[in-house]
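Enquirer:
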Amino acid sequence: MISIKGFVDHADRLPCYISHVDLFISAISSEERFARGWTILNEKKVKVNKKIIFYFNEVLDRCGNPEKDEKEFDDSFCVTGSDLRLRVNLYDEIEGLLDFKDYIEKNVSTTKNINIVTDISVMVKPYIFLLLKHLSSLNMKRLYFLYTEPVAYNILTRGTMVAKDVPGYSGAKDMRKKDALIIMLGFEGNRAVGVLNESNPDLTIPVNGFPSYKPEFKDRSIMENKELLSEDDILKNLCFAPANDPFETKRLLEDIHSQYNRRYNLTVVPLGTKPMAFGSCLFAMEHKGCRIVYSYPKEYFPKPSNNWGESWMYFVQF
Amino acid sequence: MEKKEDLNPKNPFAGFNASLMKDDDIIRYWAEPHLLFGRTALGIDLTGNIPVVLMGGRGTGKTMLLKFMSNDIQIKRYLDEHRNGSGFLEKLNYIGVYHRFDGPSLASFDNRNVSEEAWETIFKHYLEVVIGQNYISLLSNLKQSGCIRFPVNNERLLVSKIFEFVNKKASTDPRECTLGSLISAMQDKLDNVFDFINKSALSKEAVFTDDIITSGKLMFGLPNLIQQYIPELQGKNIIILLDEYENLRLQQQKIVNTLIKHTKLPVTFRVGTRLNGFKTFETLIEGEFLMVDADYRQILFESVLLAKEEKYATLLKEIAEKRLRQVPSFRESNLTDIKELLGKISPEDEALMVVFGKKMRREEIDKFPLERYISEVKHVKEMKTLLEGRHLSQAKELLPKLLNPQNPLIEMVNLLLLRRDYDTDEIIRLFKAYSDRKKDNRYKKFRSLYEKNKLGLLFQLVSFNRPTKKLYAGFRVYCMLSSGIIRNFLELCYQSFNRAIFSDDEQLVKRRIIPISAQTEGARTRAERFLEVIDRIPEYGTEIKSLVRSLGAIFYTWQKDPRLSEPEVTYFCVDTTSLSEKARKVLNAAVKWSVLQQKAPMKGKDPGEPLRDVYALNHILAPYFGISYRLRGRFPTLSKMNLETLMLGNDAEKQRVIKKLSREEHFEKRGTSLLEFVEK
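Chains as they are written, first to last, in the working numbering: chain H, -6 to 311; chain L, 10 to 689.
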């Protein structure tokens, strides 16, 4: 069993922990915050040796002038010849990650002590899940992640393609136990109820992001999930975890685990913030029996958020 | 201290999803659906040898039925009624083991790092282990509840035999040769499966190391072995109750289909699936198919339930009664008849409320000044205008001959005949014959017109009197709105009780009826929720919602057709063979989720037209669109292009088709507001 520890700090304090970055991983997006992590590293004069940037085809396709925009994205990340622009499909995280894995194996010497910093701000969750799984399998001692909060959210996704286990996070169902579903509440109540109906759990524990990035966000997630929370048996189990702290999410899940694991198979549905989803993955990696189910949308909206707020650094130690 | 029962009314209809219900609730709320069990005459025996596929929309009661047949519930139910388990097995001719196919996890038996053949083998192995573990849990249940008593050494012997069966060595320590250790051993096998699934997700190097159990080995082999050691189980069918079959992927369905086709008694299957849940009827053997009647019997829940309207109503009444009895305040007040609580409102009564704005007694109507009636009542004003157009000077004299303020729907028939250009004198004669009950041909004609169209005319009357809205209330109406889906009925009751209890719970018990307004609001809320849920339908939710909104808007305009050429339009016909694959998939998904309900194919209106597939909008949506909840009027056959535009087109194209298919005149009258259904 692996043991994962970590903490949160302001992103601009990253130089207090590392003097240089061996590998910086990030992604492009139409969101203003997409290169915020990179900008902070620059501002703080942290030396970066190599970059891998996920260039999502769908993001480029939506641009009026893909070539020009690609160049602008390059400039935003100061992409040079030694860096890798990984052209991947937003909707095919497995293929994307296999390309990533392939590249890492061939080109990056992953000794235990190299510094890898990954900015997860604009990566869609399925990429974050798999990236974390893969990075954790590299036998590194520690990993650094950056996350920049948005100031406002727009429409996030449209429709549901399928609700399924996140690859690599299927857990191990114990047929002697009942099923508990822990739903990190997001702004799309339909997706939460969809997974609930697909899973038919014996126990449902909703988790709201509180404190939230902004006070109104916590109310919005409650309002958007009113159908789910209208069931007394679900509402009474409502828990809270800070929206921007994956380790607090993990700690909450540990508490739930110690309380229910003997009688229930635990499944986490990370529909809340990315830090909460990130915390859910950290938890599931430590508890092999626990499962992560995600409601894969049919379509991601091109610009799900506006502007940027606070940036955070997550230090993960294995 | 003894716990006092809470006498405040609580909503007895909270909790309607059998999958989320606790075992006790399933037992408490169970009402035997005689319509389903009493089908042995048709060769369908729910507890017999031949596999049965239970097909129905979400909430029709499939899960409730399958779970009820499981050994867990049957044993619990028996123990609730008896002091111990002895005698349990003598009463049953079957024992059921329940397994639900979990959608999210089935998808993980597939990734590109492992070949399809390997996944097929692993899924077969997984299924064997899961069902095998279920059998052993069944034995453990029977033993713990005292339903069976193992002769000394028999348990150990059986356990070691089963260990051999699953290629595992039994412990030499007799204390470890127990059912519990067997269950743990099976769990180890399952853990190996999940371990492989997790490892193979991101790696081509993952290897499955456990011994593979071949298909059918445990599923069909274990029951034989068990029956050899437990005489009480001999002669009983072991029914594998498989729920949510539609969640299986195509190849997984082939595997299960093969097992169903080649089932070996005493093992047989009951399979619960949504409509259109079969992705394939193929088995793993090339050229072989699962065939209805030859290999299994099929029950279509909605069709069975709706075919016998009276029996369906009785079933709903029984189900509601079980729930109402659980609430002390209703039980104490003997208020357990949902028919009484929902009451009845006739179209004639509703018409009076629409015209006069409130309930009026006969005497009050008689005293209502005729001049005022003619000048204020909107449909009468239109009759006056039409008569003036025909006979300017005599209109004033003729109009009273067409009026019947005691029943505005009769006046609506007269208005309809005027709109259909009937001769005025003939209309007067028809009306007179009906009023005088002459029983001649005119009487029959008018009566037939009245009976066939009165609900359609009520909808028109309502539209004359905006902002008054159509009522959706009464037990019968709720039965029809539910569209053969029991959960729809429970949710309708839930919503209306919520309103009644919230507004005045004492009045509810005192008056013994849920106000019509609360029922209508409840029905509207349920319709809105149902529509919201469409978004959640995987893959085609958006397209289905687009189609439903468009159809609702179109049907609404047809209802206002002045000549009422098709009253109460709620369904359409289409030649599905002409549709693109995507459009067919959208239609199938809409049926699978019961948004549309497929009816028996119909012949086109023109002679020689081939049979067309028929799809009705689920009546639960009627209150949202303000349309009828009956299957009456038919919309002209939808062309491939129009249907595909409504589901797949952009907004401008959709609006063009909606406008084209609507009753134009009314479309223009309402202007863009008609599109509110589409745009929302």
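Heads up, the beta-carbon is just placed ideally off N, CA and C, and yes, glycines get one too.
Counting only runs of 3+ residues fully inside the region 213 to 265 of chain H, write out the beta strand (DSSP E) ranges in chain order.
Expert: List check, beta strand (DSSP E) in window: 232 to 234 and 257 to 263.
Enquirer: Any idea if A599/L is buried or exposed, counting beta-carbon neighbours within 10 angstroms, 16 or more meaning buried?
Expert: Reading the second sequence from its first residue, position 590 is the one you call residue 599/L. It counts as buried.
Enquirer: Give me the Cα-Cα distance between P524/L and L351/L, rounded to the nearest whole angstrom.
Expert: Here the question's residue 524/L lines up with position 515 in the second sequence. Here the question's residue 351/L lines up with position 342 in the second sequence. Spanning the two alpha carbons is a distance of roughly 8 Å.
Enquirer: Inspect the CB distances between the region 376 to 389 of chain L and the region 322 to 333 of chain L and report whether three or more fall short of 8 Å.
Expert: Cβ pair count under 8 Å is below three, so no.
Enquirer: Excluding five sequence neighbours on each side, which residues of the same chain lie with their C-beta closer than 6 Å to the C-beta of P295/H?
Expert: Here residue 295/H refers to the residue found at position 302 of the first sequence. Within the same chain, P295/H has close Cβ partners S23 and R55.
Enquirer: In angstroms with no decimal places, state the Cα-to-Cα distance between A632/L and S526/L.
Expert: Sequence index remark: in the second sequence, residue 632/L carries index 623 (1-based). Sequence index remark: in the second sequence, residue 526/L carries index 517 (1-based). According to the sequence displayed, residue 632/L carries Pro and not Ala. Taking the straight line from one Cα to the other gives about 13 Å.
Enquirer: Would you check if the distance between the CB atom of N50/H and the CB atom of R80/H is smaller than 8 Å?
Expert: Counting from one through the first sequence, the residue named residue 50/H turns up at place 57. Counting from one through the first sequence, the residue named residue 80/H turns up at place 87. For N50/H and R80/H, yes; Cβs fall inside 8 Å.
Enquirer: For N163/L, return the contacting residues in chain H, with the cut-off set at a CB-CB distance below 9 Å.
Expert: Within the second sequence, residue 163/L is the residue found at index 154, counting from 1. Ordered by position in chain H, no residue passes the 9 Å Cβ test against N163/L, which lies about 23 Å from the chain.
Enquirer: Relative to the C-alpha of S214/H, which residue among M278/H, M133/H and T266/H is closest?
Expert: As a first step, residue 214/H is located in the first sequence; it is residue number 221 there, counting from the start. Among M278/H, M133/H and T266/H, the Cα nearest to that of S214/H is on T266/H.
Enquirer: Suppose only complete runs of 4+ residues qualify. What are the alpha helix (DSSP H) ranges in the region 235 to 289 of chain L, listed by chain order?
Expert: Whole alpha helix (DSSP H) segments, 4+ residues: 259 to 270.
Enquirer: Just the C-alpha distance for I308/L and R535/L, rounded to the nearest angstrom, thanks.
Expert: The residue given as residue 308/L occupies position 299 in the second sequence. The residue given as residue 535/L occupies position 526 in the second sequence. I308/L and R535/L: Cα-Cα distance of roughly 27 Å.
Enquirer: As a quick exercise: from E88/H, T32/H and F70/H, pick the residue whose alpha carbon is nearest that of S212/L.
Expert: Working through the second sequence from its first residue, we reach residue 212/L at position 203. The shortest Cα separation from S212/L among E88/H, T32/H and F70/H belongs to E88/H.
Enquirer: If you measure from the beta carbon of K171/H to each beta carbon in chain L, is any gap under 8 Å?
Expert: On the first sequence, position 178 is the one that residue 171/H refers to. Cβ-Cβ to chain L under 8 Å: no for K171/H.
Enquirer: Which residues bound the alpha helix (DSSP H) around Q310/H?
Expert: Within the first sequence, residue 310/H is the residue found at index 317, counting from 1. Here Q310/H belongs to no alpha helix (DSSP H); instead the beta strand (DSSP E) covers S304 to Q310.
Enquirer: Can you look up I289/H in the DSSP assignment and give me helix, strand or coil?
Expert: Indexing the first sequence from 1 puts residue 289/H at position 296. The residue asked about is misnamed: residue 289/H is Tyr in this sequence, not Ile. Looking at Y289/H - three-state DSSP - the assignment turns out to be strand.
Enquirer: Can you list, in chain order, the residues of its chain with a C-beta nearer than 6 Å to that of V578/L? Leave out the 5 residues immediately preceding and following it.
Expert: Here residue 578/L refers to the residue found at position 569 when the second sequence is read from its first residue. For V578/L, where only same-chain residues beyond five positions count, the Cβ hits under 6 Å are F564, W567, G642 and F644.
Enquirer: Beta-carbon within less than 6 Å of S505/L's beta-carbon, same chain only, minus the 5 sequence neighbours each way: which residues are those?
Expert: Looking up residue 505/L in the second sequence gives position 496. Within the same chain, S505/L has close Cβ partners I523, A527, Q528 and G531.
Enquirer: Under 8 Å, Cβ to Cβ, is there at least one residue of chain H near F203/L?
Expert: The residue given as residue 203/L occupies position 194 in the second sequence. Chain H contact via Cβ: present.
Enquirer: What would DSSP say about H134/L, mapped onto helix, strand or coil?
Expert: Counting from 1 along the second sequence, the entry for residue 134/L is found at position 125. Reduced to three states, the DSSP call for H134/L is helix.
Enquirer: Could you pull out every unbroken beta strand (DSSP E) segment of at least 3 residues lying fully inside the region 51 to 86 of chain L, listed in chain order?
Expert: Fully enclosed beta strand (DSSP E) runs of 3 or longer: 61 to 64.
Enquirer: Does the distance from the CB of A4/H to the CB of S304/H come in under 8 Å?
Expert: For the purposes of this step, residue 4/H is taken as residue 11 along the first sequence, with counting starting at 1. For the purposes of this step, residue 304/H is taken as residue 311 along the first sequence, with counting starting at 1. Cβ distance < 8 Å, so A4/H and S304/H count as in contact.
Enquirer: Closer than 9 Å between beta carbons: that is the criterion. Which residues of the region 110 to 136 of chain L meet it against chain H?
Expert: Per Cβ criterion, the list reads D111, G112, P113, S114, L115, A116, S117, N120, R121 and N122.
Enquirer: From C232/H to L499/L, what distance separates their C-alpha atoms?
Expert: Along the first sequence, one-based indexing puts residue 232/H at 239. Along the second sequence, one-based indexing puts residue 499/L at 490. Taking the straight line joining both Cα atoms gives about 30 Å.
Enquirer: Could you tell me which of A404/L, F97/L and H108/L sits nearest to I157/L, measuring between CA atoms?
Expert: Locating residue 157/L in the second sequence gives position 148, counting from the first residue. When each option's Cα is compared against that of I157/L, the closest is F97/L.
Enquirer: How should A50/L be labelled, buried or exposed, when 16 other C-beta atoms within 10 angstroms of its C-beta is the threshold for buried?
Expert: What you label residue 50/L is simply residue 41 of the second sequence in a count that begins at 1. Confidence at A50/L is low in this model, with a pLDDT of 49, below 50, so the placement of that residue should be treated as unreliable; the coordinate-derived value is given next. Its Cβ having fewer than 16 others within 10 Å, A50/L is exposed.
Enquirer: Between the Cα of N627/L and those of N201/L, P619/L and K608/L, spot the shortest distance and give me the residue it belongs to.
Expert: Taking the first residue of the second sequence as position 1, residue 627/L is located at position 618. Closest by alpha carbon: K608/L.
Enquirer: How is R572/L classed by DSSP in three states: helix, strand or coil?
Expert: The residue you call residue 572/L lines up with position 563 of the second sequence. Coil at R572/L, not helix or strand.
Enquirer: Answer with buried or exposed for A322/L, where buried requires no fewer than 16 other C-beta atoms within 10 angstroms of its C-beta.
Expert: Here residue 322/L refers to the residue found at position 313 of the second sequence. Buried, because 16 or more other Cβ atoms sit within 10 Å of the Cβ of A322/L.
Enquirer: If contacts are defined as beta-carbon pairs under 8 Å, then I176/H and T197/H qualify, I think. What distance do you get, rounded to the angstrom?
Expert: In the first sequence, counting from the first residue as 1, residue 176/H sits at position 183. In the first sequence, counting from the first residue as 1, residue 197/H sits at position 204. Right, their Cβ atoms sit about 7 Å apart.
Enquirer: Compare the C-beta of N651/L with all C-beta atoms of chain H and state if any pair is closer than 8 Å.
Expert: Counting from one through the second sequence, the residue named residue 651/L turns up at place 642. No, because no Cβ of chain H sits closer than 8 Å to the Cβ of N651/L.
Enquirer: For I46/H, which of L124/H, G(-1)/H, Y10/H and P8/H has the nearest alpha-carbon?
Expert: The residue given as residue 46/H occupies position 53 in the first sequence. Closest option to I46/H, Cα to Cα, is L124/H.
Enquirer: Helix, strand or coil for T394/L per DSSP?
Expert: For the purposes of this step, residue 394/L is taken as the residue at position 385 of the second sequence. It is helical.
Enquirer: Relative to the C-alpha of D476/L, which candidate in Y624/L, L458/L and G366/L has its C-alpha closest?
Expert: Sequence index remark: in the second sequence, residue 476/L carries index 467 (1-based). The sequence shown places Pro at residue 476/L, not Asp. It is G366/L.
Enquirer: Do the region 335 to 355 of chain L and the region 85 to 99 of chain L touch if we need at least three Cβ pairs shorter than 8 Å?
Expert: Because the criterion of three Cβ pairs below 8 Å is not met, the region 335 to 355 of chain L and the region 85 to 99 of chain L do not touch.
Enquirer: With a threshold of 16 other CB atoms inside 10 Å of the CB of F22/L, please say whether the residue is buried or exposed.
Expert: Numbered from its first residue, the second sequence carries residue 22/L at position 13. Counting Cβ neighbours within 10 Å, F22/L comes out buried, since at least 16 surround it.
Enquirer: Determine whether the beta carbon atoms of R279/L and L250/L lie at a separation below 8 Å.
Expert: As a working note, residue 279/L is residue 270 in the second sequence. As a working note, residue 250/L is residue 241 in the second sequence. Yes, Cβ-Cβ distance for R279/L and L250/L is below 8 Å.
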